[in-house]
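Engineer: I'd like to ask you about the structure that follows.
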Amino acid sequence: MAVIPVNIAGRPYEVRVGAGLLAELVPHCRGKLRKRDVPIVTDANVHAAWGDVVEASLRDNGHEPHWRILPPGEHTKSWDELAATVNWLLSLEVERGDHIIALGGGVIGDLTGFCAAVLKRGCKFIQVPTTLLSQVDSSVGGKTAINTPAGKNLVGAFHQPSLVLADLSALETLPTRELLAGYAEVVKYGLINDADFFAWCDTNGAKMVAGDSALREYAVAHSVAAKARIVAEDEFETTGRRALLNLGHTFGHALEAETGFSNRLLHGEAVALGMVLAARYSARKGLMPMASADHVAQHIGEVGLPASLSALGLDCNGAALVKHMLHDKKMDAGTLPFLLMKGIGKTYLDKQVSLEDVADFLDGELARTPA
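Quick note: the UniProt record's numbering has the sequence shown finishing at residue 371, numbered continuously throughout.
This is the structure in structure tokens:
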């Protein structure tokens, strides 16, 4: 088991990465489950796959699990589910010192974390991520949120978990598409500031997705450690350092909005294509060689992720996609900073990007013949 510290000032916690953690849930949570009753928020798919394992671990250690089982999918991150889940937690008489367990992917982690943030002005929670995407990204760092009709993750709070348990066994039950969606967030860390890790992904990414357990543990632990370092430096995204973690997300969130936050384009798929677009736009502006942008697109495409905007078959133009971007959380005084690249492993925040130029670029990408 790998143990990665997240050194948030005054509120440090651990991320534990290994196989079999769900079966040993209670020992890992020792000192945190202070009552017999334990509230668990999950979705129907995760409950079907892992509910019995978690239930047994709790009951064998004298706890009574209370389940809230939600529909899977991005639409669960809503006002209605937030209100219903908070009322459910209040009905269980959850106190500020209690821990709520978030068992699932990013949707469950985001919703549960936000519930914990607002319930009685701040309760505690434990992240138990069951997807590759949530293990390497959303479960770490304390960003919690729901979606609104205006856009993704526009209502939320920074609220750190007390512990993160990333059980690699859970990845064995994931469909390949979900694994690939998570892999997008793995390769992101190489593109941000670690060219050597991108090279590792080039060599090992496909084998990791295919099921090599040692490669999976390395990929998850390395990704978590990379994120933990950035979060410790800039917890509330005030210096711009943490914004680097959003590489591909400005383009990606616009694509998610255009496809209705639906199963047509998973979050990780949108981020993967968003990173391709960020690389291509950077090359268009002369910031990085086109050969490097092509390398990014080639790697993402070869592992099985979307690497061509035109291949999505969207019925819109570049201006429509840019309109979605105007709801981006990074908007500041009418300006939208973009994460661009000066090379592989050299991402930076550019605050001088013309949205008209981005729209023109996207028109070209929409018309581009897929490779």
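The C-beta atom is built at its ideal place from N, Cα and C for all residues, glycine as well.
Fair warning: this is a prediction, and the values are worked out from it, not measured in the lab.
1) At the level of alpha carbons, what is the spacing between M230 and G105?
2) Could you give the distance in angstroms between the alpha-carbon of A199 and the alpha-carbon of G190?
3) Rank I4, L82, S282 by C-alpha distance to the C-alpha of G18 and give the top, closest one.
4) Among D196, N147, G113, K207, whose alpha-carbon lies nearest the alpha-carbon of L163?
5) So, under 8 angstroms CB-CB, V46 and L82 are touching, yes? Tell me the CB distance rounded to an integer number of Å.
6) Is the beta carbon of V136 sitting closer than 8 angstroms to the one on V6?
7) Give the secondary structure of A2 by DSSP, where H, G and I count as helix, E and B as strand, and everything else as coil.
8) Among the residues of its own chain, which have a CB less than 6 angstroms from the CB of A279, if the five just before and after it don't count?
9) Measuring only the C-alpha atoms, how far is V86 from E93?
10) Looking at the unbroken alpha helix (DSSP H) that takes in H267, where does it start and where does it end?
11) Roughly how many angstroms separate the alpha carbons of P337 and L321, rounded to a whole number?
12) Specify, as a first and last residue, the run of the alpha helix (DSSP H) that Q127 falls within.
13) State the DSSP-derived secondary structure class of D167, mapped to helix, strand or coil.
14) Taking C-beta to C-beta, are C29 and I100 nearer than 8 angstroms?
15) Applying the criterion that 16 or more other CB atoms from any shown protein chain within 10 Å of the CB defines a buried residue, is D167 buried or exposed?
16) Taking Cβ positions, are A283 and P370 nearer each other than 8 angstroms?
17) Look up H67 in the DSSP assignment and give the residues it is bridged to.
18) Could you check what DSSP says for D234 in three-state terms: helix, strand or coil?
19) Under 7 angstroms Cβ to Cβ from V186, same chain only, skipping five residues before and after it: list those, please.
20) Nearest-angstrom Cα distance between K227 and A56?
21) Can you tell me which of the three DSSP states N7 falls into?
22) Is the beta carbon of G318 less than 8 angstroms from the beta carbon of D363?
23) Which term fits R216, buried or exposed, when burial requires 16 or more other beta carbons within 10 angstroms of its beta carbon?
24) Would you please state the rounded distance, in angstroms, between the beta carbons of E36 and H66? I believe it to be under 8 angstroms.
25) Once the 5 residues before and after A44 are set aside, which same chain residues still bring their CB inside 8 angstroms of it?
26) Have a look at Q298 and G211 and give me their C-alpha separation to the nearest angstrom.
27) For the candidate residues E95, A2, R11, whose alpha-carbon lies nearest to that of E235?
28) What residue does the beta strand (DSSP E) around N153 start on, and which one ends it?
29) Among L111, R177, L90, P27, which has the Cα closest to the Cα of K152?
30) Report the option in G274, E302, G345, E258 whose CA atom is closest to the CA atom of N314.
31) If you drop the 5 nearest sequence neighbours on each side, which residues of the same chain put their C-beta closer than 6 angstroms to that of A232?
32) Could you tell me which residues DSSP pairs with L103 in its beta bridges?
33) Measuring only the C-alpha atoms, how far is A145 from A117?
34) Could you have a look at I344 and say whether DSSP puts it in helix, strand or coil?
Structural biologist: For this structure:
1) The question names Met, yet the displayed sequence has Ile at residue 230. Between I230 and G105, the alpha-carbon positions lie close to 22 angstroms from each other.
2) Their backbone Cα atoms lie some 8 angstroms apart in a straight line.
3) Of the listed residues, the one whose Cα sits closest to G18 is I4.
4) That would be G113, whose Cα lies nearest to the Cα of L163.
5) Not really, about 19 angstroms apart at Cβ, beyond 8 angstroms.
6) Remark: C-beta atoms of V136 and V6 do not approach each other more closely than 8 angstroms.
7) DSSP places A2 in strand when its eight states are reduced to three.
8) Once the five neighbours on either side are set aside, the close Cβ partners of A279 are A293, V296, M341.
9) Between V86 and E93, the alpha-carbon positions lie close to 11 angstroms from each other.
10) Looking at the DSSP string, the run of the alpha helix (DSSP H) that includes H267 is 267-284.
11) C-alpha separation (whole angstroms): 16 angstroms.
12) No alpha helix (DSSP H) contains Q127, which is instead part of the beta strand (DSSP E) from 124-129.
13) Collapsing the DSSP output to three states places D167 in a strand.
14) With respect to I100, C29 sits apart: the two C-beta atoms are not nearer than 8 angstroms.
15) D167 comes out buried.
16) The answer is no: Cβ separation not under 8 angstroms.
17) Per the sequence presented here, residue 67 reads as Trp, with His not at that position. Residue pairing by DSSP places W67 opposite I40 in a beta bridge.
18) Per DSSP, reduced to three states, the secondary structure at D234 is coil, with no helix or strand assignment.
19) The residues are V136, C201, A219, S223.
20) The C-alpha of A56 is placed about 32 angstroms away from the C-alpha of K227.
21) It is coil, neither helix nor strand.
22) It is a contact, given that the beta carbons lie within the stated cut-off.
23) So R216 counts as buried.
24) In the sequence as presented, Glu is not what sits at residue 36; that position holds Arg. Actually they do not touch by this definition, with Cβ atoms about 10 angstroms apart.
25) Hits under 8 angstroms: I69, L70, P71, P72.
26) Near 21 angstroms, if we compare the C-alpha coordinates of G211 and Q298.
27) Measuring C-alpha to C-alpha distances from E235 to each of E95, A2, R11 identifies R11 as the nearest.
28) That run of the beta strand (DSSP E) goes 151-158.
29) Checking every option, the nearest Cα to that of K152 belongs to L111.
30) Correcting the residue type first, residue 314 is Leu in the shown sequence and not Asn. When the alpha-carbon of L314 is set against those of G274, E302, G345, E258, the nearest one is in E258.
31) Same-chain partners within the cutoff: N7.
32) According to DSSP, which records beta bridges pairwise, L103 is partnered with V128.
33) If you take the alpha carbons of A145 and A117, they lie about 10 angstroms apart.
34) Correct three-state label for I344: coil.
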